[in-house]
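Chemist: Note that the sequence shown covers residues 130 to 581 in the numbering used here.
Idealized CB from N, CA, C, for every residue including glycine.
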Amino acid sequence: MSPAQRAKTVFVAAMVLSFVSALAAYVTIRNLHTSQLAVVHTHQVLNTIGELEAGIARAGRARILYIQSGAEEALQQYEKAVSEIPPKEQTLRVLTADNPAQQANWVEIDQVFQDRMQVWEASVKRRREGTSSPQDDATAMRQSVNFGDEIGRLTQNMRETEMKLLRERNLRYRNLFRLAVSILLLAFGGAVILYLVYYRLLSAELRARQDAELAAENAARTALRSQEATRHLSVRLMQLQDEERRKFSRELHDSLGQYLSSLKMNLSMLQNPRVPQGPLIEQSMPILDESIAETRTLSHLLHPPLLDECGLALAADWYVQGFAERSGLKVKIEIAKDGERLPREIELVLFRVLQESLTNIHRHAGSDTAEVLLRREAAQVTLSVRDQGRGFEAGVLERLMTDGSGVGVGLAGIRERVREMGGDLVVRSSTNGTVLQVFIPIAHGQPMRAAS
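(1) Whose C-alpha, out of D266, N228 and T284, is nearest the C-alpha of D239?
(2) Cβ of Y388 within 8 Å of Cβ of I416?
(3) Using 8 Å as the Cβ pair cut-off and three pairs as the minimum, do the stretch 275 to 289 and the stretch 232 to 250 touch?
(4) Entirely within the stretch 173 to 245 and at least 4 residues each: give me those alpha helix (DSSP H) ranges in chain order.
(5) Quick check on R403: does DSSP put it in helix, strand or coil?
(6) Measure the CB-CB distance between V174 and L224 and report whether it falls below 8 Å.
(7) Where does R515 land, buried or exposed, given buried means 16+ other C-beta within 10 angstroms?
(8) Whose C-alpha, out of L554, N299, F521 and Q339, is nearest the C-alpha of L166?
(9) For T171, name the three-state secondary structure that DSSP assigns.
(10) Answer with buried or exposed for G185, where buried requires no fewer than 16 other C-beta atoms within 10 angstroms of its C-beta.
(11) What three-state label does DSSP hand L313 in the structure shown?
(12) Using beta-carbon positions only, say whether L308 and T157 come within less than 8 Å of one another.
(13) Can you give the Cα-Cα distance for A153 and S311, rounded to whole angstroms?
(14) Roughly how many angstroms separate the alpha carbons of S262 and E291, rounded to a whole number?
(15) Is R192 buried or exposed, if buried means 16 or more other CB atoms sit within 10 Å of its CB?
(16) Could you tell me the boundaries of the beta strand (DSSP E) in which Q509 lies?
(17) Verify whether the separation of the beta carbon atoms of T260 and K217 is less than 8 Å.
(18) Just to confirm, does R481 get its C-beta within under 7 Å of one of the non-hydrogen atoms of the ligand MG?
(19) Looking only at DSSP bridge pairs, what is A154 linked to?
(20) With DSSP run on the structure shown, which of helix, strand or coil describes R546?
(21) Classify A580 as helix, strand or coil using the three-state DSSP reduction.
(22) Rounded to a whole number of angstroms, what is the C-alpha to C-alpha distance between T424 and G562?
Right, here's the structure in full:
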């Protein structure tokens, strides 16, 4: 899964979590509100029961006061208290309409209260008419107390039932409150974590994109430098070709041309019959030998025939011996001579690398010795050339390995030759010397057998 897809997945998960959490929080808060209304309803029932008991008690006290004193004010208080009881009864009936048990208690309270009201009204009527007696008042008092006890028992049952409901509803309210808080905390925490992960993924994607853009810019700059180095290399190769041609032209003119001119003069003199032929022929033979030797030397410098005829091992050994004699450089060479040759194009590249490496050591390294090692494995061939000179500067070596710039045409040419063969060039340099290693895969062409 790509970083963009992971970021999209995390974002969608965060949105889904937020939606589900919001829905769960809504349901929980809705239930919490319902539970809170139930708790408030229970308190309303308890308050109404208390108000009903208080109203009945006030009516009872006002009746007793009126029976004892006969004061009109007490009668008015009694009638007012009695008139306030039915609305409270009706309120209690409405509040307990959802509870069959409480409705049954209310019916009994209403029946007992009606019976008690009959006793009260009868005693008040006798007192108002002046026909009451202590015996009737005592009987009415006993009946009123009995009815009051029954009403108290019923209201206590209702109160206990409501208190039980209140405890249950309070407990449910607290549980729902904790659940709502937990859901909100978990939802918030989960959303924060997912959004943080989403932010990190976006940051990582942005950094990766910036790194890719930077890498692309660096690659473009490297390609530009490589193109400039390639153009420089092409120009320098053309210059070297011109110099090589001029050098070859001078060699032909100064050496081989002079020999041939002298030989032509001798041959021209042979056309004169009066000139003795023996001395001229004897004089021409050394000139002819020198011409042949000079021609062979020029041919070897351009392309050693040993490389085609006998292979890289003998050609490299011949070249190293000749180079050591001409330059005074002590060269130690180790090349396996097992009779099996490399493909022709690989041998040519390795020979040119050897030529250029020894030339650079002689001209620039300031080393008196060099070591050459050619090792062949199953899949590749490795050429190592080591010296004990002053080495490269770090910046020059880095530019060589990145784009081939900052160095002479020789090393740049080696780098391009090796790359054309699908190989690698590795250069390690310090103040104690330089090691140049070339790795070329043996992937194309059939190996050649050395000439016997």
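Modeler: By the coordinates alone:
(1) T284
(2) yes
(3) yes
(4) 201 to 224
(5) Reduced to three states, the DSSP call for R403 is coil.
(6) yes
(7) Result: buried.
(8) N299
(9) helix
(10) Looking at the sequence shown, residue 185 is not Gly but Ile. With 16 or more Cβ atoms within 10 Å of its Cβ, I185 is classed as buried.
(11) DSSP places L313 in helix when its eight states are reduced to three.
(12) For L308 and T157, yes; Cβs fall inside 8 Å.
(13) Their Cα atoms are separated by approximately 11 Å.
(14) 42 Å
(15) buried
(16) Q509 to D516
(17) no
(18) Although the ligand MG was asked about, the structure shown includes no ligands whatsoever.
(19) DSSP, once it has assigned bridges, lists no residue as partnering A154.
(20) helix
(21) Any reading at A580 is ruled out, since the residue's pLDDT is 42, under 50, leaving its predicted position unreliable.
(22) 37 Å
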